[in-house]
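Enquirer:
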Amino acid sequence: MERYFQKKSVINSNPPSYIDLSNLPTDPGLRKKNSEYPSNVRDNVRRAYLLNGPYQPDIEFPQTKGNEDENQKFVIDWYKEFTWIEYSIKRDAAFCLYCYLFKPESRNRSQGAGDAFMATGFKNWKKKQGLRDHVGGPSSAHNQAYRKGQDLLNQSQDIETVLQRQSSQARSEYRVRLKASVDCVHFLLKQGLAFRGHNETTNSNNRGNFLELLEFSAFLNKDIKDVVLQNAPENNKLTAHVVQKDIVNSFAVETTNVILKELGDAFFFVLIDESRDISVKEQMDVVIRFVDDKGCVIERFWGFVHVRETTALSLKATLEELFSKHGLSIGRLCGQGYDGASNMRGQFGGLKTLIMNENESAYYVHCFAHQLQLALVGVAKNHPRIALLFNLTSNALNIVGVSCKKHASKVIQKIQSGDILSGQGLNQETALKRSGDTRWGSHYGTLVSFILMHSSVIDVLEVVMENALTSEQRGEACALLDQMQSFEFIFNLHLMKDILGITSELSKALQREDQEIVNVITLVKVAKQRLNAMRNDGWDSFFAEVSSFCVKNDIIIPNMDDPFVERGRSRRRVEVLTNQHYYRVQLFIRCIDLQNQELENRFNEVNTKLLLCMACLSPRDLFVAFDKEKLIRLAQFYPRDFSSKSLMLLSNQLETYILDVRFSNTRKNTVYPLVYMLMTLALILPVATAGVERAFSAMNIIKNKLRNRMADDWMNDILVTYIEKDICETIDDETIMQRF
């Protein structure tokens, strides 16, 4: 009989009622009607939109097609006059937030009841009176919708609250229970700890950090103990995974709101990089850099976004979506910083070019710290003997790491004799450091460790050569012993230690958050000067240092006047060289020249007009580098911010400013606004993308091998609060509870 009856579709009978309120479309032209949401979540959707406020982007509004009159476009001052108004970038039209959320059921077109501000959008920019007519009188449809919105925000007037009014004792217990959960979440976010456990049943010995911390809080506080866990109602324990995620999202949203408030209407610079997480998913990391109202340069983590493709078009679309979600505009972007990948800095199809096509003032700055690391690695790639040096140190690290017991005993002996300084407390350092091409400054630390622990490494290799289990290990240890006890190895080890030591301070300075571009130009020049000084006058002292080390470690020093004999190569048809010529010219001078050449090639941006103009703002020696003509040229790089009239005013302000600031340098931002804007634009340009690298380090802490199945939104919410914990600490529990 069943074949004679038509079966009902189970899928359509109960549509899903879960809506991700944190990812609702912000542009009114992209929203669906409120009536299309399930009835049981409509009020939640309305409340989410009301809490976020009207969508009011600050962009360069387009002209109406077919009309060149400047007045025929949306006017930004309407945001202040009509607080309810929204602007759709998609449709180039104005909408009403309250009428969209609370459109009356009647179909009449009385005062303010039309569909222009809800469906199609208002576009008649010439008739401002149309906006006033929409508001209408006290009983208009718009004002009725506005009052409904205020009633919904007032929890005491909410329909669900009225129908489900509970006793004051129940509400008090709920607040205590919620605050306990919020405090536990806050602690776990601050420490970057996992929330869940493998077994969260009541019989488990370890129910996860969240439940264990909540139980510990109940143990310490009787008021909490009486209302949580087993003493809480079965359907209102506030410990479910969904509840934990909602509380974490509340922290993330409030942290982002503080950053948005801190940013305000200021210009900002965007730092972007992409990398794979532990689950091999491409994550795009976004950091913004701006100058706050106190004149301080601030870098804030904006978020991680999972990208399915790493093409420039895909990255740009993702960035625009992120900007639109938070009401930011590419028009306020004054710069962009990436690494040297082709999809980022490509001249024709890179992300840099795509953004500059929309905003010509969003200048690209290649990460200086990344360029420095490429310069250091470039020397090893271009000189075979230096490449052999790093290959030998890497192989020795692998063998010594396996023989950790013997290595540890030798290190302890050297610490006791005073040959190695181990540091104090938690800063003790007794292990060889590993280097990596993507780890800034790691090569220098590796070479310093090898010099300090050379004799103990030799002892460990001798033990491995005698007692290793396999012939391959014994043979490799024997080859390393032969190479590492040669004069050439010691010579190259000290040479690269000195060369990398010169650029080490530059590398550390480039990774500082408060470093600015003018200082970096000076640091690069200092590094080049030190390399030239070492090349011209440093041979004698360097050779004496290497010889002293060889005498101490019983390594044979060749006679510099004897012919050089290269190990492992035939002596036929080989140019006869002395040891002096080989070590001084082909190693010492050539390596320094290669390093200088790499610095020149990698840091050619310091010769561009933009950076040279910025150097004129340096306050060193009472603004000795001040040059008005170059600063006017710097302002011309930003035509959107400095019109022809502004440039004329700036010229006059600069002449007065330089005389004034040499006597008093406080509170000049209000007296010389154009000069202050110019300085702000110069300070925003960064010298390194260390901020995004720190975010990737935090991602590896949060999303690790044991937590490799984290959802993207869950990971992003945790990282926003973990990285910006200084902001998260300022948010009180009451704000989080209201947001929840």
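Residue numbers for the sequence shown follow the numbering used here, so the first one is 544 and each next one is one higher.
Idealized CB from N, CA, C, for every residue including glycine.
Keep in mind it's a predicted model, so treat the numbers as computed, not measured.
Grab the span of the beta strand (DSSP E) containing L876 for me, first residue to last.
Expert: In the sequence shown, counting from the first residue as 1, residue 876 sits at position 333. That run of the beta strand (DSSP E) goes 876-881.
Enquirer: Quick one: what's M827 bridged to in DSSP?
Expert: Here residue 827 refers to the residue found at position 284 of the sequence shown. Per DSSP, E817, V848.
Enquirer: Between the Cα of G870 and those of A775, N595, E1267, spot the shortest distance and give me the residue it belongs to.
Expert: Stepping through the sequence shown from its first residue, residue 870 is reached at position 327. That would be N595, whose Cα lies nearest to the Cα of G870.
Enquirer: Please list the segments of the alpha helix (DSSP H) lying wholly inside the segment 702-770, counting only runs of 4 or more residues, in order along the chain.
Expert: Those alpha helix (DSSP H) runs which fall completely within the segment 702-770 and span 4+ residues are 702-706, 711-734, 752-763, 765-768.
Enquirer: Excluding the five sequence neighbours on either side, which residues of its own chain have a C-beta within less than 6 Å of the C-beta of Q967, listed in chain order?
Expert: In the sequence shown, residue 967 corresponds to position 424, counting from 1. Note that Q967 scores a pLDDT of 41, beneath 50, so its modelled location is shaky; the value from the coordinates is reported in the next line. No residues qualify anywhere along the chain.
Enquirer: Give me the Cα-Cα distance between D1080 and L1202, rounded to the nearest whole angstrom.
Expert: Start at 1 with the first residue of the sequence shown, and residue 1080 comes out as number 537. Start at 1 with the first residue of the sequence shown, and residue 1202 comes out as number 659. Computed Cα separation, rounded: 43 Å.
Enquirer: Helix, strand or coil for S1029, going by three-state DSSP, please let me know.
Expert: Counting from 1 along the sequence shown, the entry for residue 1029 is found at position 486. DSSP places S1029 outside both helix and strand once states are collapsed to three, so it counts as coil.
Enquirer: So the beta strand (DSSP E) I1320 belongs to, where does it begin and stop?
Expert: Residue 1320 is absent from the model: the chain starts at 544 and stops at 1283.
Enquirer: Quick check on the DSSP output: the beta strand (DSSP E) that includes A636 runs from which residue to which?
Expert: In the sequence shown, residue 636 corresponds to position 93, counting from 1. Its beta strand (DSSP E) spans residues 636-639.
Enquirer: Could you give the distance in angstroms between the alpha-carbon of Q1281 and the alpha-carbon of C1271?
Expert: Numbered from its first residue, the sequence shown carries residue 1281 at position 738. Numbered from its first residue, the sequence shown carries residue 1271 at position 728. Their backbone Cα atoms lie some 16 Å apart in a straight line.
Enquirer: Would you say V830 and V1235 are within 7 Å of each other, going by their C-beta atoms?
Expert: Here residue 830 is taken as the residue at index 287 of the sequence shown, counted from 1. Here residue 1235 is taken as the residue at index 692 of the sequence shown, counted from 1. Contact flag set, yes.
Enquirer: Output the boundary residues of the beta strand (DSSP E) element that contains H909.
Expert: In the sequence shown, counting from the first residue as 1, residue 909 sits at position 366. Per DSSP, H909 belongs to the beta strand (DSSP E) from 906-909.
Enquirer: Specify the secondary structure class of E842 as computed by DSSP and reduced to three states.
Expert: For the purposes of this step, residue 842 is identified with residue 299 of the sequence shown, where counting begins at 1. E842: strand per DSSP, three-state reduction.
Enquirer: Please report the distance separating the alpha-carbon of E797 from that of D1275.
Expert: Here residue 797 corresponds to residue number 254 of the sequence shown, with the count starting at 1. Here residue 1275 corresponds to residue number 732 of the sequence shown, with the count starting at 1. One C-alpha to the other measures close to 10 Å.
Enquirer: Measuring straight from C-alpha to C-alpha, what distance separates M1077 and S1091?
Expert: Locating residue 1077 in the sequence shown gives position 534, where the first residue counts as 1. Locating residue 1091 in the sequence shown gives position 548, where the first residue counts as 1. Straight-line Cα distance between these residues: approximately 19 Å.
Enquirer: What is the DSSP secondary structure of P1106, counted as helix, strand or coil?
Expert: As a position in the sequence shown, residue 1106 is number 563, starting the count at 1. Note: P1106 maps to strand in three-state DSSP.
Enquirer: Please list the terminal residues of the continuous alpha helix (DSSP H) segment that includes F1086.
Expert: Locating residue 1086 in the sequence shown gives position 543, where the first residue counts as 1. Its alpha helix (DSSP H) spans residues 1082-1095.
Enquirer: Which same chain residues, not among the five before or five after P571, have their C-beta less than 7 Å away from its C-beta?
Expert: Residue 571 sits at position 28 when you count from the first residue of the sequence shown. The answer, listed in chain order, is Y598, E629, S631, F638, Y643.
Enquirer: Classify R819 as buried or exposed, calling it buried when 16 or more other Cβ atoms lie within 10 Å of its own Cβ.
Expert: Along the sequence shown, read from residue 1 onward, the residue named residue 819 stands at position 276. Residue environment analysis places R819 among the exposed positions, since fewer than 16 neighbouring C-beta atoms fall within 10 angstroms of its C-beta.
Enquirer: Output the distance between the C-alpha atoms of Q1028 and L1174, rounded to the nearest integer angstrom.
Expert: By 1-based counting over the sequence shown, the position of residue 1028 is 485. By 1-based counting over the sequence shown, the position of residue 1174 is 631. Going by the C-alpha atoms only, they are around 57 Å apart.
Enquirer: So does the segment 925-936 actually touch the segment 899-907, counting three or more Cβ pairs closer than 8 Å?
Expert: no
Enquirer: List the endpoints of the continuous alpha helix (DSSP H) containing P1216.
Expert: For this step, residue 1216 is matched to residue 673 along the sequence shown. Going by DSSP, P1216 is part of the alpha helix (DSSP H) stretching over 1216-1227.
Enquirer: Does the segment 719-732 come close enough to the segment 788-804 to have 3 or more Cβ pairs within less than 8 Å?
Expert: yes
Enquirer: Could you check whether the segment 892-899 touches the segment 1167-1187, counting it as contact only if at least three pairs of C-beta atoms, one from each stretch, sit closer than 8 Å?
Expert: no
Enquirer: Can you find the residues in the same chain that come closer than 6 Å, C-beta to C-beta, to G751, ignoring five residues on each side of it along the sequence?
Expert: Working through the sequence shown from its first residue, we reach residue 751 at position 208. For G751, where only same-chain residues beyond five positions count, the Cβ hits under 6 Å are R739, G740, E743.
Enquirer: I'd like the list of long-range same chain contacts for A688, defined as Cβ closer than 6 Å, with 5 residues on each side in sequence excluded.
Expert: One-based indexing of the sequence shown puts residue 688 at position 145. Contacts found: Y641, C642, F645.
Enquirer: For K1248, which residues in the same chain have their Cβ closer than 8 Å to its Cβ, ignoring the five residues on either side in sequence?
Expert: Translated into positions along the sequence shown, residue 1248 becomes position 705. Sequence-distant partners of K1248 (beyond 5 residues in either direction) whose C-beta falls short of 8 Å from its own C-beta, in its chain, are I821.
Enquirer: If you run the structure through DSSP and keep just helix, strand and coil, what is K1268?
Expert: In the sequence shown, the residue the question calls residue 1268 occupies position 725. Of the three classes helix, strand and coil, the one that applies to K1268 here is helix, per DSSP.
Enquirer: Given G1044, which residues of its chain have a CB within under 7 Å of its CB, disregarding the five upstream and five downstream residues?
Expert: One-based indexing of the sequence shown puts residue 1044 at position 501. Only Y987 meet the Cβ criterion.
Enquirer: Give the DSSP bridge partners of T1121, in chain order.
Expert: Start at 1 with the first residue of the sequence shown, and residue 1121 comes out as number 578. DSSP, once it has assigned bridges, lists P1106 as partnering T1121.
Enquirer: For a test of the three-state rule: what should DSSP assign to S965, helix, strand or coil?
Expert: In the sequence shown, residue 965 corresponds to position 422, counting from 1. Note on S965: pLDDT 45, under 50, position unreliable in the model; the coordinate value appears next. Three-state DSSP puts S965 in coil, outside helix and strand.
Enquirer: Spatial neighbours of V1119 within its chain, please: CB distance less than 6 Å, with the 5 preceding and 5 following residues excluded, ordered by chain position.
Expert: As a position in the sequence shown, residue 1119 is number 576, starting the count at 1. If we look at V1119 and ignore the five residues flanking it on each side, its Cβ neighbours are P1106.
Enquirer: Just to confirm the assignment, what range does the alpha helix (DSSP H) spanning K895 have?
Expert: Stepping through the sequence shown from its first residue, residue 895 is reached at position 352. Its alpha helix (DSSP H) spans residues 894-901.
Enquirer: Tell me which residues share the same chain as V1089 and place their Cβ nearer than 7 Å to its Cβ, disregarding the 5 neighbours each side in the sequence.
Expert: Numbered from 1 along the sequence shown, position 546 holds the residue referred to as residue 1089. Answer for V1089: I1033, F1034, H1037, listed in chain order.
Enquirer: Classify F488 as helix, strand or coil using the three-state DSSP reduction.
Expert: Given a span of 544 to 1283 for the chain in the structure shown, any question on residue 488 remains unanswerable.
Enquirer: Consult DSSP for R574 and reduce its assignment to one of helix, strand or coil.
Expert: What you label residue 574 is simply residue 31 of the sequence shown in a count that begins at 1. R574 falls in the coil class under three-state DSSP.
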